[in-house]
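J.: The sequence shown begins at 396 in our numbering and counts up one residue at a time.
One structure coming up, written as structure tokens, with questions to follow.
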Amino acid sequence: MKVLLDTHTFLWWVDDSPRLSNSVKEVIANPENTIFFSVVSAWEIVIKQGIGKLALPEPAEMYIPSRLKSNRFSVLTINLSHILQIASLPSLHKDPFDRLLIAQSQIESFPILSVDQLVSQYPVSVIW
396 MKVLLDTHTF
406 LWWVDDSPRL
416 SNSVKEVIAN
426 PENTIFFSVV
436 SAWEIVIKQG
446 IGKLALPEPA
456 EMYIPSRLKS
466 NRFSVLTINL
476 SHILQIASLP
486 SLHKDPFDRL
496 LIAQSQIESF
506 PILSVDQLVS
516 QYPVSVIW
């Protein structure tokens with residue numbers, strides 16, 4: 396199965412947070428699954444660290460690549476089709492990062508691993 400990480404899911408996974416559900420832990424830990432980390436999440440992490448809303452043990456430009464490599468996560472780039480899909484989304488969620496992740500989930504037909512209740516209100520498959 397191919398799945399897309401929400402930004403918080405990535406951060407909680409690499410931090411071994413107890414906030415992750417058992418279902419999400421099983422999906423990520425299963426070597427038969429391909430886990431995608433979107434550049435949208437990298438963008439969000441870099442911005443939040445830069446404005447002091449996210450503390451990381453090292454600069455994001457070192458933290459993100461090292462965690463992607465050690466967890467064997469695949470990178471999902473942003474395509475024009477992802478951006479254009481945002482136009483068809485209802486205005487349930489105001490966060491532009493989440494809206495783009497939702498659009499990517501729809502276009503790629505990947506379930507998204509997210510605890511965010513607003514994400515689950517969109518026509519996407521959510522695993523939590």
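We treat Cβ as the ideally placed atom computed from N, Cα and C, and that holds for glycine.
For clarity, every value in this text was computed on a predicted model and none was experimentally measured.
1. Who are the near neighbours of residue 414 in its chain, counting only those whose CB is closer than 7 Å to its CB and skipping five residues on each side?
2. Output the residue ranges of the alpha helix (DSSP H) runs that lie fully inside the region 462 to 499 and measure 4 residues or longer, sorted by chain position.
3. Three Cβ pairs or more, each shorter than 8 Å: is that satisfied between the region 468 to 488 and the region 415 to 433?
4. Secondary structure at residue 508, three-state DSSP: helix, strand or coil?
5. Would residue 508 pass as a contact of residue 419 if the rule is Cβ separation under 8 Å?
T.: Put simply:
1. Excluding positions up to five away in sequence, the list reads 407.
2. The DSSP assignment places complete alpha helix (DSSP H) segments of no fewer than 4 residues inside the region 462 to 499 at 475 to 480, in order along the chain.
3. Contact between the region 468 to 488 and the region 415 to 433 is present: three or more C-beta pairs spanning the two stretches fall below 8 Å.
4. DSSP, reduced to helix, strand and coil, places residue 508 within a strand of the structure shown.
5. Yes, the Cβ-Cβ distance between residue 508 and residue 419 is below 8 Å.
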